[in-house]
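Reading through the structure tokens given below for one structure.
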Amino acid sequence: MASAPRLRVSKTLAREWLLFWLLIGPNLLLFGIFTYWPLVYNAYLSFVSWDFVRPSKRWVGLANYASVLGDDQFQTILANTIVFTAASVMMTMLLGLGLALLLNQPLRYRNTARAVLFAPTILSGAAVAIVWTYIFDPRYGLLNEFFRLVGAHSPSWLSDPHWAMPALIIVYVWKNLGYAVVIYLAGLQSIDRSLYEAATVDGAGAGDRFWHITLPGLSPVSFFLSVTSILSCFQAFDLIRVMTGGGPINATNTLVFHLYELGFVSFNAGEAGVVSLVLFLIMLVLTIFQVRMVEQRVHYS
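According to my numbering, the stretch in the sequence shown is residues 4 to 304, in order.
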């Protein structure tokens with residue numbers, strides 16, 4: 004008699020597990036096909052010589068790694084990627100925080116200002132790049148006309164190796180600043196107002212309230228923005244492709260653009276696979292570091 008209830012329980016569990024796999028199985032299958040299989044196949048391509056045309060792939064072992072990592076330009080490209088990412092993320096977050104603090108005040112037309120700031124975020128990166136290419140134009144660009152009006156010398160923004168990277172950073176920050184402002188505004192409005200009231204009663208000044216209440220309260224938002232912004236910068240392509248093409252003299256060439264050049268200009272699938280794998284490992288290590296180290300200092304309450 005005792006075996007009958009056990010049998011019913013077993014059948015119930017079996018039906019639940021069957022239903023579970025029927026529901027989750029297709030999603031796991033699609034996730035594996037479109038996420039994990041490309042990673043595995045890319046790792047395989049990094050060990051072969053293939054031009055996307057010939058059906059056969061020739062095994063070359065570590066030759067692709069030696070060619071890519073031993074290239075003198077690779078260090079420059081890696082340094083460009085780090086500089087672009089670090090400068091863009093820091094400027095976006097600092098300016099975003101400052102504007103969010105300003106727009107969090109009861110100012111007139113602040114809703115209009117928020118909408119204007121956020122508008123570039125939803126624009127196409129290629130369209131933004133085209134507009135800013137005209138703005139930076141040395142002959143009739145709006146920015147250079149402004150410099151002439153004030154009697155200042157205008158640099159050749161996109162053709163000078165010293166100014167091309169700063170120009171790209173300016174455009175990236177302009178396009179993504181509104182997103183950071185909106186996220187920081189949401190974080191500011193989630194901080195308990197009673198904390199500020201209690202601090203004011205205790206005699207805390209504006210600086211003390213900012214350092215001891217606002218910044219700790221915004222730490223989850225800052226952590227989220229830092230992770231997503233770093234990943235976004237490492238994958239930035241459209242601005243570079245349209246505005247500079249990686250030049251001049253590799254001054255704006257980054258890992259993603261180098262990957263594009265190797266894969267879709269030189270048709271070297273093996274070396275492109277190496278760059279892709281290096282980029283993936285860098286982003287993975289940075290993300291793990293942020294989650295393990297930085298998140299320990301995040302205050303969620």
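Backbone N, C-alpha and C define an ideal beta-carbon position, used for all residues, glycine too.
Beta-ladder partner(s) of residue i, from DSSP
i, result
"Trp62", "Val51"
Beta-carbon proximity list for residue i, same chain, < 8 Å, skipping 5 on both sides
i, result
"Ser229", "Val92, Met96, Gln293 and Val297"
"Met4", "Confidence is the limiting factor: at Met4 the pLDDT is only 48, short of 50, which leaves the residue's position unreliable and the question unanswerable from this model."
"Ile85", "none"
"Ile172", "Phe87, Ala90, Ser91 and Met94"
"Val43", "none"
"Gly35", "none"
"Phe227", "Ile186"
"Arg212", "Tyr199, Ala202 and Thr203"
"Pro141", "Asn147, Ser157, Ser159, Trp160 and Ser162"
Chain-order list of residues whose beta-carbon lies under 6 Å from that of residue i (same chain, five-residue window excluded)
i, result
"Val131", "Lys178"
"Ser52", "Arg61, Val63 and Gly273"
"Phe270", "Asp54 and Phe55"
"Tyr182", "Thr124"
"Tyr112", "none"
"Leu72", "none"
"Trp135", "Val174"
"Gln78", "none"
"Pro109", "none"
Contact set for residue i: own chain, Cβ-Cβ below 7 Å, skip 5 residues either direction
i, result
"Asn45", "Gly276, Ser279 and Leu280"
"Gly144", "Tyr137 and Ile138"
"Tyr187", "Gly99, Leu100, Ala103, Leu221 and Val224"
"Asp74", "none"
"Pro158", "Trp166"
"Ser70", "Glu274"
"Asp241", "Gly128, Ala129 and Ala132"
Closest Cα partner of residue i within the set the options
i, options, result
"Ala155", "Leu146, Trp24, Phe23 and Tyr137", "Leu146"
"Asp195", "Thr79, Thr217 and Ser162", "Thr217"
"Gly266", "Gly73, Arg111 and Phe55", "Phe55"
"Gln238", "Leu152, Pro164 and Leu282", "Leu282"
"Gln76", "Ile252, Gly144, Trp20 and Glu148", "Ile252"
"Ser235", "Val259, Arg244 and Glu264", "Val259"
"Ile243", "Tyr187, Tyr143 and Asn256", "Asn256"
"Leu100", "Ala82, Ile291 and Leu191", "Leu191"
"Ile133", "Ala118, Tyr175 and Leu104", "Tyr175"
"Phe50", "Tyr68, Pro58 and Gln78", "Tyr68"
"Ala118", "Phe23, Val184, Gly206 and Trp135", "Val184"
"Ser59", "Leu48, Leu65 and Ala66", "Leu48"
"Pro164", "Thr247, Tyr39 and Ile233", "Thr247"
"Val287", "Thr231, Met168, Asp205 and Leu31", "Before going on, a small fix: residue 287 reads as Leu here, not Val. Nearest option by C-alpha distance: Thr231."
"Asn83", "Leu25, Trp214, Ala167 and Leu289", "Ala167"
"Thr290", "Asp241, Phe240 and Ile233", "Ile233"
Contact belief for residue i with residue j at Cβ below 8 Å, rounded distance in angstroms
i, j, result
"Leu120", "Leu102", "7 Å"
"Glu264", "Gly250", "Not quite, the Cβ-Cβ distance comes to about 11 Å (not below 8 Å), so this is no contact."
"His261", "Ile80", "5 Å"
"Ala116", "Leu106", "6 Å"
"Val268", "Ala129", "Rounded, the Cβ-Cβ distance is 18 Å, inconsistent with contact."
message: Runs of 4 residues minimum, wholly inside the segment 65-148: which ones carry the alpha helix (DSSP H) assignment?
response: 66-72, 75-106, 113-121 and 128-138
Start-end ranges of the alpha helix (DSSP H) lying completely within the segment 210-265, minimum 4 residues: The DSSP assignment places complete alpha helix (DSSP H) segments of no fewer than 4 residues inside the segment 210-265 at 222-237, 241-246 and 258-263, in order along the chain.
Complete runs of the alpha helix (DSSP H) confined to the segment 172-205 [at least 4 residues]: 196-204
field: alpha helix (DSSP H) runs wholly inside the segment 8-33, at least 4 long, in chain order
entry: Look at the segment 8-33 and you find no whole run of alpha helix (DSSP H) that is 4 residues long or longer.
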